[in-house]
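Engineer:
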Amino acid sequence: MEQEAQAPFVWVEIRNPQRSEISGWHDRFQGERITVRLDVEIKVVSEYLHIGSGMLRVDETGGHPRTYIPFVRRNGQPVIPGSSLKGAIRALAEALSASCLLFPGNPPPCPPVRPEAHSPHLCPACQLFGGVGYRGRILFEDAMPLKPVSLRLVLIGDLWQPRRSRGRKFYRNLAFHPAPEGAARNFHYVEAVPRGARFRTRIRVENTTSGEMGWLLRALGLEARAQELAPAFPIKIGGARPRCMGGVEIRPVELAIWDSARLSWRTEPIGTLGAWWHQPQWLREDVWDPLRRELRMRGDETCPRGPYRDLR
Ligand SMILES: [Zn+2]
3 MEQEAQAPFV WVEIRNPQRS EISGWHDRFQ GERITVRLDV EIKVVSEYLH IGSGMLRVDE
63 TGGHPRTYIP FVRRNGQPVI PGSSLKGAIR ALAEALSASC LLFPGNPPPC PPVRPEAHSP
123 HLCPACQLFG GVGYRGRILF EDAMPLKPVS LRLVLIGDLW QPRRSRGRKF YRNLAFHPAP
183 EGAARNFHYV EAVPRGARFR TRIRVENTTS GEMGWLLRAL GLEARAQELA PAFPIKIGGA
243 RPRCMGGVEI RPVELAIWDS ARLSWRTEPI GTLGAWWHQP QWLREDVWDP LRRELRMRGD
303 ETCPRGPYRD LR
């Protein structure tokens, strides 16, 4: 039995949600708002990325059969489902604003929006990503690989259900710690994409504002450097995050705004994103700075491969 290591995550304390009337709900707001299409490239920067398909398969090659959890595929190709991206980015957006948590916990989630409601009030995250009875204004397409990806079977230590919650938990970006030789008990195989693999996807945001986009760009893990936005820290997606898998960097590659007079997309200079980033709405600066520091890539620290203790 290995000695218990320090937990590879940080907690963000959640404040009481700040709820306001749904923007874009009434027609009079629509004119001031923009609809944005953002194409991004996603690069795997941790040792591995694993997004489980939710079933088990057996690998018969190499002598003895090995049971593993396959990576999600579409038409035979590994893909990052839009829902995985949306979940990860929503979690960051929630922590970076006074929003409720999508998953049960404190504070209580926003109330369901009923069709007959006149002026429903929701927190920033529910307004953008959706809530009960309200579909939200952001859409993530599945991310497709830019080049054929070679998948590997990786042995990892079993994971346990978290025992307690102290707000929102974010896994740090430490180096992957391979399983010991001949490990079997309390270890299992997952199919994973190795570091360096690149994917591309499209994010669409309807009836947004430059301020809301500024907050969203932070939740994509971006920071302003010189004239452009660059990854400040990897965001974590998929499974085995407690084993330090799933760190990806997001890089904007193309921006377009819907021209409602011409009924077509108009390409916008990518530098516009920098202007939006500098004037975020909803942003909790007291969370942004420590989170940006804590979630940076730390290749010199290794991830626990067995049980760990939450020391804080
Ligand atoms: Zn909410």
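Each residue of the sequence shown is one higher than the one before, starting from 3 at the first, in my numbering. Backbone N, C-alpha and C fix where the C-beta goes; we use that ideal spot for every residue, glycine too. If you're wondering where the values come from, they're calculated on a predicted model, not measured in any experiment.
1) Beta-carbon distances below 6 Å to any heavy atom of ligand 1 define the shell here; list its residues in chain order, please.
2) Which value, in whole angstroms, describes the spacing of the CA atoms of E15 and L94?
3) To the nearest angstrom, how far is the alpha carbon of C128 from that of V134?
4) Helix or strand or just coil, what does DSSP make of I24?
5) Taking the Cβ atom as the reference point for each residue, do P236 and Y50 lie within a distance shorter than 8 Å?
6) Using 8 Å as the Cβ pair cut-off and three pairs as the minimum, do the segment 80 to 94 and the segment 139 to 155 touch?
7) May I ask you to report which of helix, strand or coil DSSP gives I16?
8) Name the one or two DSSP bridge partners that L141 has.
9) Using the rule of at least 16 other Cβ atoms within 10 Å of the residue's Cβ for burial, across every protein chain shown, is H52 buried or exposed?
10) By Cβ distance below 8 Å, which residues in the same chain neighbour R300 in space, the five residues on each side in sequence not counted?
11) Please go through the segment 33 to 94 and give each complete beta strand (DSSP E) segment of 3 or more residues, from N-terminal end onward.
12) Pick helix, strand or coil for S2, following the three-state DSSP scheme.
13) For H28, does the count of other Cβ atoms within 10 angstroms reach 16, so buried, or fall short, so exposed?
14) Out of I205, L224 and L218, which one is the CA nearest neighbour of L257?
15) With a threshold of 6 Å on Cβ separation, who are the neighbours of D41 within its own chain once the five nearest residues in sequence on each side are excluded?
16) In terms of alpha-carbon separation, which member of N18, I44, I24 and L218 lies closest to I239?
17) What does the Cβ neighbour count give for M215, buried or exposed, with the cut at 16 atoms within 10 Å?
18) Between the C-alpha atoms of G273 and W279, what's the straight-line distance to the nearest angstrom?
19) Kindly indicate which three-state DSSP category T274 falls into: helix, strand or coil?
20) Taking R253 as the reference, give the member of G169, D261 and R202 with the closest Cα.
21) Considering only C-alpha positions, which residue in the set D261, E118, R200 and R307 is nearest to V38?
22) Grouping DSSP H, G and I as helix and E and B as strand, with all else coil, what is G249?
23) What residues are listed by DSSP as bridge partners for R300?
24) For L130 versus I140, is the C-beta distance shorter than 8 Å?
25) In the DSSP assignment, find the beta strand (DSSP E) that holds F189 and state where it starts and stops.
26) Please state whether DSSP places D160 in a helix, a strand or coil.
27) What three-state label does DSSP hand R154 in the structure shown?
28) Short of 7 Å in beta carbon distance, which residues of its chain neighbour G169, apart from the five on each side in sequence? Order them along the chain.
29) Taking the continuous beta strand (DSSP E) assigned at L130, which residues delimit it?
Structural biologist: In this structure, then:
1) P19, S101, C102, P111, C112, L124, C125, A127, C128 and G133
2) For the purposes of this step, residue 15 is taken as the residue at position 13 of the sequence shown. For the purposes of this step, residue 94 is taken as the residue at position 92 of the sequence shown. Rounded to the nearest angstrom, the two C-alpha atoms are 12 Å apart.
3) Position 126 of the sequence shown, counting from 1, holds the residue named residue 128. Position 132 of the sequence shown, counting from 1, holds the residue named residue 134. Cα to Cα, the separation comes out at about 9 Å.
4) Stepping through the sequence shown from its first residue, residue 24 is reached at position 22. Correct three-state label for I24: coil.
5) Residue mapping note: residue 236 aligns to position 234 of the sequence shown, counting from 1. Residue mapping note: residue 50 aligns to position 48 of the sequence shown, counting from 1. For P236 and Y50, no; Cβs fall outside 8 Å.
6) Here the segment 80 to 94 lies against the segment 139 to 155, with 3 or more beta-carbon pairs under 8 Å apart.
7) Locating residue 16 in the sequence shown gives position 14, counting from the first residue. Look at I16 here: in three-state DSSP terms it is coil, with no helix or strand label.
8) What you label residue 141 is simply residue 139 of the sequence shown in a count that begins at 1. For L141, which the question treats as bridged, DSSP gives the partners R206.
9) For the purposes of this step, residue 52 is taken as residue 50 along the sequence shown, with counting starting at 1. Answer is buried; the Cβ neighbour count reaches 16.
10) The residue given as residue 300 occupies position 298 in the sequence shown. Taken in chain order, the residues that qualify are R174, N175, L176 and A177.
11) Residue ranges of uninterrupted beta strand (DSSP E) with 3 or more members, entirely inside the segment 33 to 94 and ordered along the chain, are 36 to 46, 59 to 61 and 68 to 71.
12) Only positions 3 to 314 of the chain appear in this structure, which leaves residue 2 out of reach.
13) What you label residue 28 is simply residue 26 of the sequence shown in a count that begins at 1. Its pLDDT being 46, under 50, H28 is placed unreliably by the model, and the measurement read from it follows with that caveat. With fewer than 16 Cβ atoms within 10 Å of its Cβ, H28 is classed as exposed.
14) To locate residue 257, count along the sequence shown from 1; it is residue 255. For the options I205, L224 and L218, the alpha carbon positioned closest to that of L257 is the one of I205.
15) Taking the sequence shown and counting its residues from 1, the one referred to as residue 41 is at position 39. Same-chain partners within the cutoff: R204, V255 and E256.
16) In the sequence shown, residue 239 corresponds to position 237, counting from 1. Here the closest residue by C-alpha is I44.
17) As a position in the sequence shown, residue 215 is number 213, starting the count at 1. Classification for M215: buried.
18) The residue labelled residue 273 in the question sits at position 271 within the sequence shown. The residue labelled residue 279 in the question sits at position 277 within the sequence shown. Taking the straight line joining both Cα atoms gives about 10 Å.
19) Taking the sequence shown and counting its residues from 1, one reaches residue 274 at position 272. T274: helix per DSSP, three-state reduction.
20) Numbered from 1 along the sequence shown, position 251 holds the residue referred to as residue 253. Comparing Cα positions, the closest option is R202.
21) Start at 1 with the first residue of the sequence shown, and residue 38 comes out as number 36. Checking every option, the nearest Cα to that of V38 belongs to D261.
22) Residue mapping note: residue 249 aligns to position 247 of the sequence shown, counting from 1. Strand.
23) Taking the sequence shown and counting its residues from 1, one reaches residue 300 at position 298. Its beta-bridge partners are L176.
24) In the sequence shown, counting from the first residue as 1, residue 130 sits at position 128. In the sequence shown, counting from the first residue as 1, residue 140 sits at position 138. Closer than 8 Å, so yes.
25) By 1-based counting over the sequence shown, the position of residue 189 is 187. First-last of the beta strand (DSSP E) with F189: F189 to P196.
26) Counted from its first residue, the sequence shown places residue 160 at position 158. In this structure, D160 counts as coil in the three-state DSSP scheme.
27) Position 152 of the sequence shown, counting from 1, holds the residue named residue 154. Strand, per DSSP.
28) Your numbering for residue 169 matches position 167 in the sequence shown. Sequence-distant partners of G169 (beyond 5 residues in either direction) whose C-beta falls short of 7 Å from its own C-beta, in its chain, are W13, V14, E15 and I16.
29) Within the sequence shown, residue 130 is the residue found at index 128, counting from 1. Unbroken run through L130 is the alpha helix (DSSP H), P126 to F131; no beta strand (DSSP E).
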